[in-house]
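2 protein chains.
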Amino acid sequence: MEKKVAVLAVNPVNGAGLFQYLELFFENGIPFKIFAVAETTQIKTNSGVSLQTDDVVANLKGKENDFDALVFACGDAMPKFSENSGKSENQDLLAVIKAFGDQRKLLIGHCVGGLLFDITGVATGKRLALHPFVQGVVKSAVSTNETFVIDGNFYTAQTEKTLHLLFPELLKMLK
Amino acid sequence: MEKKVAVLAVNPVNGAGLFQYLELFFENGIPFKIFAVAETTQIKTNSGVSLQTDDVVANLKGKENDFDALVFACGDAMPKFSENSGKSENQDLLAVIKAFGDQRKLLIGHCVGGLLFDITGVATGKRLALHPFVQGVVKSAVSTNETFVIDGNFYTAQTEKTLHLLFPELLKMLK
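Chains as they are written, first to last, in this note's numbering: chain G, 7 to 181; chain C, 7 to 181.
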C-alpha cells in the first residue's frame with residue numbers, strides 16, 4: 007500500500023524542489039498533504055509566486071501517526087534559519103522532524119534538509135547528501151558530497167537539481 | 007543584457023516544469039512575468055496546489071514587444087486542448103505564440119509545447135523535442151524523439167524531466 011507523505015514547505019520555498027516532489031507523488035498516486043513552515047497557509051516561492059498549502063506545521067505536531075514519511079522542501083528561508091530559529095514555526099519544524107525520526111519513519115529532503123535531520127539528533131551515524139555550504143557543520147550524522155544518498159530511512163539529495171536522481175529509489179519505497 | 011521572458015502557464019499546469027523555469031530565471035536575474043492561460047490569475051498545478059500568476063494571457067496579446075522570449079509551461083490542461091480550443095484563453099494562447107513566432111522571438115517549451123508551435127505555423131521546418139504521444143501529429147515542423155532540441159529560435163524539451171538538459175544552453179541565450 008502507498009505510504010502517506012507529509013510535505014514541509016518553508017517560506018520562501020524553492021518551487022522547483024517542492025513541485026518535483028508533488029508532481030511525482032501525484033503522478034504515482036501517493037497521497038500527500040502540504041504543511042507550510044509559517045504562521046499561515048499562504049507562502050511564496052523563491053521566485054515570488056504565492057501559493058496555498060493545505061495546513062501549517064503547527065497542526066502537524068502530534069499527528070505524526072497519520073503519515074509514513076516526511077519531506078523537507080528547502081528554500082530561501084533557510085540561510086536565515088539560525089536567526090529565526092526561535093520562531094514558533096521553526097520550533098514546530100524541528101519538533102516534527104524529531105517525532106518522525108524517533109519513530110523511524112522515512113525522512114526525505116534536499117539542500118539543507120539533512121542539516122535539520124542532524125540538528126534534531128535523529129540521524130546519528132547516518133550518511134546524508136547536503137548542500138556544499140553546510141557539509142562542514144553537520145555533527146552527529148555523516149556528511150557527504152554525493153548527489154544523493156540513501157541510508158536506512160534517510161533519503162537525501164544535494165540540491166533540487168539532483169532530486170531526480172534520488173526519485174527512482176524513493177518511489178520504490180513509497181509505492 | 008538579460009532577455010525578458012513571458013511565461014505561459016496552462017490550468018492545471020505541471021508545477022515541476024513551471025517552477026524549474028521560474029527558479030532558473032530568478033536565480034540568474036532574468037526578468038519574467040507569468041500569464042495564466044485561464045480567465046483568472048488563480049490556477050492550479052496538476053498536483054492540486056492553487057497559485058497566483060501575475061496576469062492572464064488575454065493581457066499579453068498586443069504586448070509581445072515588451073518581451074524577448076516566450077515560455078510555454080505544459081500541464082494536464084493539454085490532453086483536453088482540442089475540445090477546449092475554442093475557449094478565448096486558448097485562442098489567445100495560439101495568437102500570442104504566433105505573434106512571438108512571427109517576430110522570431112525565442113520560443114521555449116516542453117512536452118506538448120512544440121505541437122502548439124507547429125499548429126500556429128511559426129515552426130515550419132524546425133526540429134522540435136516533443137512528448138512521445140504527440141510526435142506523430144506534428145505537421146509543418148520536424149518531430150524528433152530527442153530529450154531536447156535547439157533549432158534557431160526554438161528551445162524545446164521532451165518533458166519536464168528533461169528540461170534540466172536544455173537549461174545550460176537556454177541560459178546562455180537569455181543572459
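We put the CB at the ideal spot given by N, CA and C, even for glycine.
Would you say G:V16 lies against chain C (beta-carbon separation less than 9 Å)? For G:V16, the nearest beta carbon of chain C is not closer than 9 Å to its own beta carbon.
Just curious, the alpha helix (DSSP H) that G:F87 is in, first and last residue? DSSP places G:F87 in the uninterrupted alpha helix (DSSP H) bounded by 87-90.
CB contact check: C:F25 to chain G, cutoff 9 Å: By this cut-off, C:F25 is an interface position.
What do you reckon, are the CB atoms on C:A42 and C:A15 nearer than 9 Å? In this structure, C:A42 places its C-beta atom within 9 Å of the C-beta atom of C:A15.
Do G:L57 and C:V143 have their CB atoms nearer than 9 Å? Contact flag unset, no.
Tell me whether C:A147, by its Cβ, gets closer than 8 Å to a heavy atom of the ligand COA. The model depicted lacks the ligand COA and carries no ligand whatsoever.
Among the candidates C:K178, C:E175, C:E166, C:G107, whose CA atom is the shortest distance from the CA of C:F25? Out of C:K178, C:E175, C:E166, C:G107, C:E166 has the C-alpha closest to the C-alpha of C:F25.
Nearest residue (CA-CA) to C:A64, options C:L172, C:L99, C:A147, C:F87: The candidate whose alpha carbon is nearest that of C:A64 is C:L99.
Straight-line gap, G:R110 to G:A79 (C-alpha atoms, nearest Å): If you draw a straight line from the Cα of G:R110 to the Cα of G:A79, it is about 19 Å long.
Assign C:F139 to one of two classes, buried (16 or more other C-beta atoms within 10 Å of its C-beta) or exposed (fewer than that). It counts as exposed.
Is the segment 160-176 of chain C in contact with the segment 130-139 of chain C, if contact means three or more CB pairs nearer than 8 Å? With a cut-off of 8 Å, the segment 130-139 of chain C and the segment 160-176 of chain C count as touching, because enough Cβ pairs lie within range.
Going along the chain, which unbroken runs of the beta strand (DSSP E) with 3 or more residues stay wholly within the segment 28-82 of chain G? For the segment 28-82 of chain G, whole beta strand (DSSP E) runs of length 3 or above, ordered along the chain, are 38-42, 48-50, 56-58, 75-79.
Per-residue contacts from G:L28 into chain C (C-beta, under 9 Å): Residues of chain C passing the Cβ test: G21, A22, T51, N52, S53, G54, V55.
Nearest to G:F73 (by Cα), restricted to the options G:P18, G:E33, G:A129, G:P37: Ranking the options by Cα distance to G:F73, first place goes to G:P37.
So G:K178 and G:E8 are in contact, right, with Cβ under 8 Å, and what is the actual spacing, rounded? The Cβ separation is near 12 Å, so there is no contact.
I need the straight-line Cα distance from C:E175 to C:V148, nearest angstrom please. So the two alpha carbons sit approximately 20 Å from each other.
Using the beta-carbon of each residue, which ones in chain C are nearer than 7 Å to G:K167? Result: H170.
Who are the neighbours of G:Q58 on chain C, taking C-beta pairs under 8 Å? Residues of chain C passing the Cβ test: V55, S56, L57.
By the criterion of Cβ-Cβ separation under 8 Å, what are the contact partners of C:I40 in chain G? For a Cβ distance threshold of 8 Å, residue set V55 of chain G lies close to C:I40, ordered along the chain.
Does any CB atom of chain D fall closer than 9 Å to the CB of C:E89? The chain inventory of the structure shown lacks chain D, comprising the protein chains G and C.
How many Å lie between G:L112 and G:F106 at the Cα? Per the coordinates, the alpha-carbon of G:L112 lies some 8 Å from the alpha-carbon of G:F106.
Taking only beta carbons into account, state which residues of the segment 150-167 of chain G come closer than 7 Å to chain C, listed in chain order. The residues in question are K167.
Would you mind reading off the limits of the alpha helix (DSSP H) that contains C:G142? Counted as a single uninterrupted DSSP element, the stretch harbouring C:G142 is not any alpha helix (DSSP H), since DSSP gives it neither H nor E.
Following the continuous beta strand (DSSP E) through C:A12, name the residue where it begins and the one where it ends. In the DSSP assignment, C:A12 falls within the beta strand (DSSP E) that extends over 11-15.
Going by DSSP, name the residue or residues bridged to C:H137. None; C:H137 has no bridge partner.
Assuming G:E29 contacts C:G21 (C-beta within less than 8 Å), just tell me the rounded distance between them. The Cβ separation is near 6 Å, so the contact holds.
How about G:E8: is its C-beta nearer than 9 Å to some C-beta of chain C? By this cut-off, G:E8 is not an interface position.
Looking only at its own chain, which residues have a Cβ that is under 7 Å from the Cβ of C:Q141, when we skip the five neighbours before and after it? The residues S149, N151, in chain order, have a CB closer than 7 Å to that of C:Q141 in the same chain once the five nearest residues on each side in sequence are set aside.
May I ask you to report which of helix, strand or coil DSSP gives G:T168? When secondary structure is reduced to three states using DSSP, G:T168 falls in the helix class.
Alpha carbon to alpha carbon, what distance is there between G:K69 and C:E95? Taken atom to atom, the span from the alpha-carbon of C:E95 to that of G:K69 is near 42 Å.
Since G:F106 meets chain C, which of its residues come closer than 8 Å, beta carbon to beta carbon? In chain order: nothing, as chain C lies at least about 22 Å away.
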